[in-house]
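Residues 1 to 236 (full-length UniProt numbering) are what the sequence shown spells out, left to right.
The beta-carbon is built from N, C-alpha and C at its ideal position, and this holds for glycine as well.
From a predicted model like this one, the values you see are computed outputs, not experimental measurements.
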Amino acid sequence: MKSLQGEKEILLQESGILTAKLQRRSFLQYAGAGVAGVALIAAGCKKDKSTPGLDTGVDLGTGDIGILNYAYALEQLEGAFYDAVVKSPYTGIPANELALLTDIRDHELAHREFFKKALDTSAIVGLQVDFSSINFADRTSVLNAAKGFEDLGVSAYNGAGKLIKTLKYLEVAGKIVSVEARHAALIRDLISNGSFADPTAVDANGLDGALTPIQVLTKAKVFLKTAINASNLPTS
1 MKSLQGEKEI LLQESGILTA KLQRRSFLQY AGAGVAGVAL IAAGCKKDKS TPGLDTGVDL
61 GTGDIGILNY AYALEQLEGA FYDAVVKSPY TGIPANELAL LTDIRDHELA HREFFKKALD
121 TSAIVGLQVD FSSINFADRT SVLNAAKGFE DLGVSAYNGA GKLIKTLKYL EVAGKIVSVE
181 ARHAALIRDL ISNGSFADPT AVDANGLDGA LTPIQVLTKA KVFLKTAINA SNLPTS
């Protein structure tokens, strides 16, 4: 466990936005003028919002704004999950595991707030979640759910990258997905030491997976009470 803890500390320290004390404030600053720049671009690109209730749910929008809202929706989901984990830790949780999960929670909340601020009036509403299938009192249930969320997040950003047209957005997405990948590796090591890059995490070429927005939201919807309409997102 001592060596595992050391590995986790290295993972957490590798990125300037992966330290708990700095994370929320520094994440909003890490792109320099990124938030302001993204917000300005968003303001110039945004479309009129769809009326809630039309089609199949909350409309993510079109183009790059739609992709940002897609990322915002996923960060809302992850943030809510880890917030629930930290506020009601599983039975017998060691102090170091609670600290690490709290760090991850803070990163996810920082991601969520970044997108909310960047999107400004183009942001979708806050989503209602449903974690009734997760036993938050059980370590295995929580960590398996965390692994699922992190793997989904990594594959979501990887799959959406080719759909982003604005370089500033792509730069931000690249920084965030690197953090998500570190989370995924850390969670795997909590489940089984040394499994951070097992065959379920990477392919034969050593690469993370990539999923389309539709594929990701199909997996995510089991944890959402709020229906999401992704039909207007770009596909190429």
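Cα-Cα separation, residue i to residue j
i	j	result
A137	A84	11 Å
G34	F131	Since pLDDT at G34 reaches only 44, below the 50 mark, its modelled position is unreliable, and the value read off the structure follows with that caveat. If you take the alpha carbons of G34 and F131, they lie about 33 Å apart.
L77	L170	21 Å
I124	P94	37 Å
T166	S192	39 Å
T235	E75	21 Å
N96	D106	15 Å
V86	D103	10 Å
V216	A184	16 Å
I149	K168	The sequence shown places Phe at residue 149, rather than the Ile named in the question. In a straight line, the C-alpha of F149 is about 25 Å away from that of K168.
P213	I134	23 Å
A220	A145	11 Å
H111	D189	23 Å
Residues near residue i in its chain [Cβ-Cβ closer than 6 Å; skip 5 each side]
i	result
residue 264	The shown model of the chain, from 1 to 236, leaves out residue 264, and the question about it has no answer.
A36	The predicted position of A36 is uncertain, since its pLDDT is 42 and thus under 50; a value taken from the coordinates is nonetheless stated next. Cβ neighbours of A36 beyond the five flanking positions: none.
Q29	Only weak support exists for where Q29 lies, its pLDDT of 43 falling under 50; the coordinates are left without a value.
K175	none
Cβ pair residue i, residue j closer than 8 Å
i	j	result
L224	L152	no
L101	Y82	yes
A181	V154	yes
N158	V179	no
Y72	L143	no
K147	I187	yes
V58	N229	yes
S122	G209	no
Beta-carbon contacts of residue i that lie in its chain and below 7 Å, excluding the five residues immediately before and after
i	result
L211	S155, A156 and G159
T226	G57, V58, L127 and Q128
T218	none
Neighbourhood of residue i by C-beta, 8 Å cutoff - its chain only, sequence neighbours within 5 removed
i	result
I164	D64, I67, L170 and A173
**Item:** 4-residue-minimum alpha helix (DSSP H) runs that sit fully inside the segment 96 to 161, ordered along the chain
**Value:** 139 to 160
**Asked** For the 8 Å Cβ check, are there 3 or more pairs between the segment 54 to 73 and the segment 113 to 120?
**Response** yes
**Prompt:** Three or more beta-carbon pairs under 8 Å between the segment 138 to 156 and the segment 78 to 95, yes or no?
**Reply:** yes
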